[in-house]
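Novice:
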Amino acid sequence: MTHGLNVTLQGTPVLTTERLMLRAPEPGDWPDWQAMLASERSLYIGGPLAEEGKAWRSFGHLIGHWVMRGFGMFVLCDKVSGRALGMAGPWRPAGWPEPEIGWNLWTDEAEGKGYALEGAVAARDFAFSTLGWRSCVSYIDPANARSIALAKRLGAILDEGAPTPENKPVMVWRHHGAAA
Amino acid sequence: MTADEAPETFGLEIPTLRTERLVLRAPRQDDFEVFAAFYAGPRSHFVGGPLTRELAWRMLAMEAGHWQLRGFGRWIVEERASGQAVGLVGLFEPEGWPEPELGWDLFDGHEGKGFATEAAEAGRAFAYDVLGWTTLISLVKPKNEASARVATRLGCRRDGEFVHERHGPMRIFRHPAPDALADGGMEAYA
């Protein structure tokens with residue numbers, strides 16, 4: 014076992030909702046992230062990924078997104094148990110035409126309870142109020158019926174002409190911030 | 008404010024190292040253009056490239072995240088005189104690596120000045136003196152003779168081969184142990 018320094022993200026925000034605590038990703042989230050990416054649950058976000066090395070690098074860039082951009086995905090934790098359920102957050106890697114609000118749940122058990130909605134609302138409020146975003150989108154695979162339903166529940170509107178990341182055939186659902 | 012401007016940045020406590028001509032510091036967003044240019048070019052073939060801009064950005068973000076996940080990582084190497092980012096050097100151990108590696112990648116136009124050796128020596132000293140490691144390897148792809156020469160200059164010896172499932176075969180160079188370096192340093196291996 015090699016050892017390293019204790020290097021942690023400093024000062025990232027923590028959001029709370031009725032049932033959730035939203036925080037930046039931590040090394041301890043890796044097993045849950047890996048299990049999700051190896052499963053069918055990652056079908057609409059580039060998976061499933063059989064190779065552990067690729068999954069690890071993608072986890073590394075989740076953390077690094079906070080360093081590069083000053084914001085990133087929050088891990089959605091059950092407020093009571095602390096268990097990581099999924100993630101939601103403002104997202105803008107290179108190649109994204111616009112800032113995005115993204116979300117996904119990590120286990121089947123976390124589905125159907127409104128956690129993604131609760132997390133996405135909190136993440137979007139954060140983007141509009143704290144980051145000062147005026148508009149953002151969610152890029153969704155046309156086959157991802159659950160995410161499309163959630164986008165509609167969030168009040169997002171399908172924007173057919175909007176550009177997509179790397180011109181991929183994904184739907185663009187647009188969120189509008191409250192007029193400041 | 009646009010979405011490209013961070014309201015504040017969330018730094019990782021990544022140590023900064025200084026050598027005679029170089030500073031080794033944390034990766035950040037404004038390194039992206041030079042990083043992406045290197046990964047778009049043919050010299051990146053030896054280190055996992057070429058990569059699209061999208062993938063290069065994710066890779067640079069991953070380099071920062073590596074520090075939190077492992078407690079060590081790679082630094083952006085800056086030339087002190089010019090302030091230019093000239094390379095990516097440091098301790099690398101993504102999932103699937105055989106053991107922690109000391110890597111040295113120089114961005115285009117900065118080869119041939121001894122920067123890789125100078126930065127790698129600082130990275131190795133950090134591994135041995137600060138982290139307390141007792142051994143260290145470097146992986147070099149076939150035909151990457153410039154990198155193999157740096158390994159030799161650093162006193163490394165060949166120690167077999169590692170075959171990565173995606174990157175293919177790589178030569179393993181093992182660095183002199185800390186006590187061997189203390190006993191006369193690299194000259195003993197020259």
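Taken in sequence, the protein lines are chains A and B.
Taking the numbering used here, the leading residue of the first sequence gets 14, the next gets one more, and so forth.
Taking the numbering used here, the leading residue of the second sequence gets 8, the next gets one more, and so forth.
C-beta: ideal position from N, C-alpha, C; glycine also.
(1) Under a three-way DSSP split, which group does tyrosine 196 of chain B fall into?
(2) Given that glycine 18 of chain B touches chain A, what residues does it touch there, using C-beta distances under 9 angstroms?
(3) Please name the residue in A:Ala129, A:Thr120, A:Arg32, A:Gly66 whose C-alpha comes closest to that of aspartate 91 of chain A.
(4) Can you list, in chain order, the residues of its chain whose CB lies under 8 angstroms from that of leucine 163 of chain A, leaving out five sequence neighbours each side?
(5) Would you decide whether arginine 137 of chain A is buried or exposed? Buried here means 16 or more other CB atoms lie within 10 Å of its CB.
(6) Between A:Ala37, A:Gln23, A:Leu18, A:Met81, which has its C-alpha nearest alanine 97 of chain A's C-alpha?
(7) Can you tell me whether DSSP reads tryptophan 116 of chain A as helix, strand or coil?
(8) Return helix, strand or coil for leucine 167 of chain A, following the three-state DSSP convention.
(9) Are the beta-carbon atoms of methionine 49 of chain A and tryptophan 104 of chain A separated by less than 7 angstroms?
(10) The beta strand (DSSP E) spanning alanine 112 of chain B covers which residue range?
(11) Looking at the structure shown, is phenylalanine 87 of chain A part of a helix, part of a strand, or coil, going by DSSP?
(12) Tell me glutamate 86 of chain B's beta-bridge partners as DSSP assigns them.
(13) By Cβ distance below 8 angstroms, which residues in the same chain neighbour alanine 158 of chain A in space, the five residues on each side in sequence not counted?
(14) What's the gap between the Cα of alanine 4 of chain A and the Cα of alanine 51 of chain A?
(15) Pull out every residue of the region 60-81 of chain A whose Cβ sits closer than 9 angstroms to any Cβ of chain C, in chain order.
Specialist: So, from the listed chains and residues:
(1) The predicted model places tyrosine 196 of chain B with a pLDDT of 45, which falls under 50 and marks its position as unreliable, so this point remains unresolved.
(2) Those are Leu22, Gln23, Gly24, Val80, listed as they occur along chain A.
(3) That would be A:Arg32, whose Cα lies nearest to the Cα of aspartate 91 of chain A.
(4) Residues Trp116, Ala129, Leu130, Ala133 of the same chain have their beta carbon placed closer than 8 angstroms to that of leucine 163 of chain A, with the five preceding and five following residues left out of the count.
(5) Looking at its Cβ environment, which holds 16 or more other Cβ atoms inside 10 Å, arginine 137 of chain A is buried.
(6) Of the candidates A:Ala37, A:Gln23, A:Leu18, A:Met81, the one whose C-alpha sits nearest the C-alpha of alanine 97 of chain A is A:Ala37.
(7) Note: tryptophan 116 of chain A maps to strand in three-state DSSP.
(8) Correct three-state label for leucine 167 of chain A: coil.
(9) Between methionine 49 of chain A and tryptophan 104 of chain A, the C-beta gap is not smaller than 7 angstroms, which leaves the two residues out of contact.
(10) The sequence given here has aspartate at residue 112 of chain B, not alanine. Its beta strand (DSSP E) spans residues 108-113.
(11) Phenylalanine 87 of chain A: strand per DSSP, three-state reduction.
(12) B:Leu29, per the DSSP bridge assignment.
(13) Excluding positions up to five away in sequence, the list is empty.
(14) Outside the displayed span of chain A (14 to 193) sits residue 4 of chain A, for which this structure offers no information.
(15) No chain C is present in this structure, whose protein chains are A and B.
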